[in-house]
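J.:
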Amino acid sequence: MHFHSSLLSILFVVVSCPLTVRTRRFTPLIEEDWARRPHRAAECTFGKQIRELGSTWFADLGPPFGIMYCIKCECIPFCLQVQKKRRIVARVHCRNIKNECPELTCKEPVLLPGRCCKSCPGDFSTDIVQDLPAQLTSEEEERSLKHFGTLLTGRTSQALRRDEPSPTSMYNSAYNYLATGRFTFHRKNLYYSFYLSTTTPRPRSIQFVDGSGSILEEQTIDPIGGVYQNATGKLCGVWRRVPRDYRKLLREEHLHVSFIWEPSATLTGQLSRYRALSTEQYSSLLEPTMGVDRSLMSGAGATAIVSASSASAPSIHVSLVFNGVFLPNDVSEVPLIVQLEHLEKDYVVLREEIVVKKPSNELNFGEVRSALSGADLRLLTRGKLSISIMSRKDPQALRLAGIVGPRVNCEMYQTLLLSETPSAASGLAWAFLDRAGSLRYGVQLIGLEEESPLVTLVDESGKRHTELEDLTPFLIDGLANGSLERPGPRFLEPLFNGELSVVAASHVGSKLRGRLLQRPVADARDTTAPVLLRRLSQEPVQPGPVGLIWTAVDLDCSLHYELEIAGFPQTSPTNGHEPRTFRLYLETMPLLAQGAPVARRLLEEFTGYVLEGSVTGLTPVELYRIESGIGFLEVTDNQAEKILKARFKTRAPLSCLPHYADNDVASVVAYNLQPPRSDIETGACFHETRFYDEGTQWTSNTDPCSMCHCYRGLAQCDPVPCPTLTCAEGKQLKPAPGHCCPICSSPGINTNATGKNISSVTRGCTLAGQFHLPGASWHPYLPPVGFDTCAVCTCDPVTLEVKCPRVQCPPLDCDEKIAFRPSKKACCRQCPATTPSTANAGVGGDTTRLPRDQAAPSTKRTAQEILAAGGCKYPLGGPYENGMEWHPRIHSHGEMKCVKCRCKNGEVRCDRKRCPRALCNTIAHQMKRGEYVADGDDCCTVQCRRARRHHRNNHHPARHSVTPRELS
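Written out as structure tokens, the structure reads:
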């Protein structure tokens, strides 16, 4: 009855929000959760069903009422007035249509099933209930919504019509920002891709608006971006489940897109249909060049859509969308020059003149077609050419130019490698073009490890298949990852046309093949690599079913997935006339151990072989397990048979994970009171509430200045040693957040007013997954040995190249045969020192006079005698007598005064000095009052300060107290 009453309560509320001319004022509402839910769709939820904006249906109230054919419901737009901006959301509106039934002339009307109005016998046409007219099929609609693009400049960003003028529209601080975009409509989703100019930062949010300025969709932009976006320099995303009415706006070119940096910094552009996008192979974003007239070219920009052909007569086609290259007196028939030239040499490849009949302040169009030599075409594919458009009257004052690079579309090429022979082998491959035009690729093969397969890229566009590239030298343990530097037209044309295949063949006859096909990139595909789903049964099957899936967790803690499967029969195994139905499940478990409890949930049921979706409501523990690599994805069919399964691992934002204290063992909640342990079979290590694969390295979460690695199932961590800087102390910058060591100031680094602290620096070097600032120096981390203090790596502040020269050892004053290394980590050999017995003759060499913690190795007996009497070997300064104590020395750190070693019965045991809680409290009070702390408490001063900082940053208040054991 609750559902019924809620329905009746909305029958009397009629709200409308026209998308074009009509407006209606509403009382300003408090903004709901738009900032927290950036991907909220304009759609209605009725019961458990999601309805598209603009759709109609009869109310189904469930038992005992059933379908109410006299209650007609619609999903209508609704305006939220938030901060003087109108946001369009969806609301359910239901009305009783019984009073709309026509009058009947017969005496005994009848009510037919599924009707609201009675009708006369024999009259089947009487019913005023009509649903929406038939819509286009999905294939027809996708064809009608292709090839849309936009150019966002200050000149195109005219203020859209609103109810009240915004005072910020008088001055737009983003007027000289510049961007161009491409849009792909696929499966009711609108994928967007943008290139930003070098001076344009990533926006805070993106909005899709109608002609009246009402916000139809708003999404928050991740300021960092994913793996693909960082590699390509693009901005990628998707507007999922675009409502029918909004698709109509797109089709009629009445849809706009806005970039928002702040209220006074916005850019807006119209989504227009550009026919040249159907053949686009390369793109360019043109901006004003150095030396132009800034007063005339303020807010100007252009985009170029470039296609080329390497047939018997190579040619190029350039389509331009531009503004800002006109003089004030240019009214009609204005000549412009389009030029294609070499970036590094004074060499003009192409120079053509076009005429603009009637210049516009917002957008103008032009195109150039010309023959091109094969050598110039290769320069184009290698990113060596720039394109410019300029005024013929004053080319120096009015000129736009940009480098021709990969096309704007955010696209990934992927394939499943199916066996052409009965085999249990399977694989996948993926590739994309980065910002430099290089093809980055990844190949994974399973089941061919012992057959030494050959992996090649093959052009299958003609009758004779042509091998283009051999990837076999880069295949290690079934994995091949690398890049092809700037492939030419012979390679790119079959890639763009979907005719480039990956073939893995072995000498025993096994062969896997798959054709790389384009897929739009957003959410899940903006990650490192897909996961291969394999069938559970390893018996040879022809063809063998296989799948791949991309996964990602966004800032809203939603899990996105994009699945593709292949190798299945076309129909259901039980009914040959019905399509096969699949289910995708998510499994998480506390440990990869025998008998561990499994949490299992159904993500989606689907037909077909491609699935894109997302799931919300995952608990922090589930997301934590997924990030720890103890999550599984499983595909079953409608007979509940497990077909494909894979273990996967996806990073999640810290805000989505549970906040455990360091000593508050995570197993209490996430591990069902089972103590965490390593996975013995796979060699994975458990460290700080998560698993790490064998051989991987990472930065400790609790101590960012400790590097860890997984070796033989055990996690080992080492503190980061800082190299000695060569610059003066006045030119040294304090460590930036996330960095441990100071660096020398350089021109590529910004500093604040004091010149000491590093501000936001986006440029730098990456080595082994670790980011380093320009000018930084560090010791390389080489698991399982640890830090190599005998080498110092530097990040060149200009070229951003990493160089790691070895330490230069001084010449020896003794014979090399008697030189030795004082420790395993010592960089240089040393000459043997004079023994204390001979050096101190007459002074007294009795070590009993030394304090016990400063004991020196015995010189009264030989090493064999000392060891025979229970003494201990030690790399530096040994052997030591039984019972002696000393402070160890480390070549890269010197004497460790807070660590004391003791020899007992042939074994050396070293312990760190432990500080009692009372002493820590005393030191804390002294530091708080600014009093002097005695040098004798140096060890405890450092440890207590570190423990208090760690407790404040990582532990929940009133839940944990520092113990002496933790301080050790």
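First residue of the sequence shown? That's 1 in the UniProt record's numbering, and the numbers climb one at a time after it. Glycine is no exception: its CB is placed at the ideal position from the N, C-alpha and C atoms. The structure presented is a predicted model; accordingly, all values stated were derived computationally and were not measured.
1) Taking DSSP as the reference, what is the three-state secondary structure of MET68?
2) Thinking C-beta only, is LEU152 closer than 8 Å to ARG202?
3) Helix or strand or just coil, what does DSSP make of ALA819?
4) Between GLU108, ARG690, GLY786 and ILE221, which has its C-alpha nearest VAL720's C-alpha?
5) Kindly indicate which three-state DSSP category LEU80 falls into: helix, strand or coil?
6) Spatial neighbours of ALA505 within its chain, please: C-beta separation below 7 Å, excluding the five flanking residues on both sides.
7) In chain order, what residues of the same chain lie with their CB nearer than 6 Å to the CB of GLY233, ignoring the 5 residues before and after it?
8) Alpha carbon to alpha carbon, how far is ARG369 from GLU341? Give it in angstroms, no decimals.
9) Jot down the residue ranges of each uninterrupted beta strand (DSSP E) in the UniProt domain "CHRD" (144–276), minimum 3 residues, whole runs only, in chain order.
10) Are GLY883 and GLY906 closer than 8 Å when you measure CB to CB?
11) Assign ALA429 to one of two classes, buried (16 or more other C-beta atoms within 10 Å of its C-beta) or exposed (fewer than that).
12) Pick from THR381, PRO742, ALA397 and SER419: whose alpha carbon is nearest that of ILE403?
13) So, at 7 Å on beta carbons, what are the nonlocal neighbours of CYS656 in its own chain, with the 5 sequence-adjacent residues on each side left out?
14) Which residues mark the beginning and the end of the alpha helix (DSSP H) in which LEU380 is found?
15) Under a Cβ-count criterion, where at least 16 other Cβ atoms within 10 Å of its own Cβ denotes burial, should PHE820 be classed as buried or exposed?
16) For ARG273, which option in LEU145, VAL349, ASN638 and LEU767 has the closest C-alpha, if you only look at C-alpha atoms?
17) Do GLY775 and ILE743 have their C-beta atoms within less than 8 Å of each other?
18) Based on the DSSP secondary-structure assignment, which residues constitute the bridge partners of ASN96?
19) So, are the CB atoms of MET297 and LEU336 less than 8 Å apart?
20) Where SER173 and ALA302 are concerned, what is the direct C-alpha to C-alpha distance, given to the nearest angstrom?
21) Which term fits CYS117, buried or exposed, when burial requires 16 or more other beta carbons within 10 angstroms of its beta carbon?
22) Flag this pair as yes or no: are the beta carbons of ASP693 and SER706 separated by less than 8 Å?
23) Please list the terminal residues of the continuous beta strand (DSSP E) segment that includes LEU563.
24) Measuring alpha carbon to alpha carbon, tell me which of LEU104, PRO113 and VAL546 ends up nearest CYS120.
25) Where does ALA918 sit, in a helix, a strand or coil, going by DSSP?
26) How many Å lie between PRO857 and CYS831 at the Cα?
27) Look at the alpha carbon of PRO288 and the alpha carbon of GLU562, and state the distance between them as a whole number of angstroms.
28) Does the segment 268–286 come into contact with the segment 407–419, if we say contact requires no fewer than three beta-carbon pairs (one atom in each stretch) closer than 8 Å?
29) Under the three-state reduction of DSSP, which class applies to SER307: helix, strand or coil?
30) Three or more C-beta pairs closer than 8 Å, one from the segment 414–434 and one from the segment 529–537: is that the case here?
31) How do the segment 255–273 and the segment 171–186 stand: do at least 3 beta-carbon pairs fall below 8 Å, yes or no?
32) Of all the options HIS147, SER373 and CYS940, which has the alpha carbon lying nearest to the alpha carbon of ALA918?
33) Nearest to HIS186 by alpha carbon, out of LEU611, ARG806 and CYS741?
34) In three-state DSSP terms, what is LYS642?
35) Quick one: Cα of VAL89 to Cα of GLU217, how far?
36) Label SER332 either buried or exposed according to how many other C-beta atoms from any shown protein chain fall within 10 Å of its C-beta, with 16 as the threshold for buried.
T.: Once the coordinates are examined:
1) When secondary structure is reduced to three states using DSSP, MET68 falls in the strand class.
2) no
3) coil
4) GLY786
5) DSSP places LEU80 in strand when its eight states are reduced to three.
6) PRO453, LEU454 and LYS511
7) ARG435
8) Straight-line Cα distance between these residues: approximately 15 Å.
9) 148–152, 179–186, 189–196, 205–209, 215–220, 234–239, 256–262 and 265–270
10) Going by C-beta atoms, GLY883 is not nearer than 8 Å to GLY906.
11) buried
12) THR381
13) VAL553, CYS557, PRO620 and LEU623
14) 374–381
15) Exposed, because fewer than 16 other Cβ atoms sit within 10 Å of the Cβ of PHE820.
16) LEU145
17) yes
18) ILE71
19) Contact: no.
20) 19 Å
21) With 16 or more Cβ atoms within 10 Å of its Cβ, CYS117 is classed as buried.
22) Here ASP693 is not near SER706, since their CB atoms are 8 Å or more apart.
23) 559–566
24) LEU104
25) helix
26) Because the pLDDT at PRO857 is just 44, under 50, the model does not fix this residue reliably, and the point stays unresolved.
27) Between PRO288 and GLU562, the C-alpha separation is close to 40 Å.
28) Yes, the segment 268–286 touches the segment 407–419.
29) strand
30) yes
31) Yes, the segment 255–273 touches the segment 171–186.
32) CYS940
33) LEU611
34) strand
35) 9 Å
36) exposed
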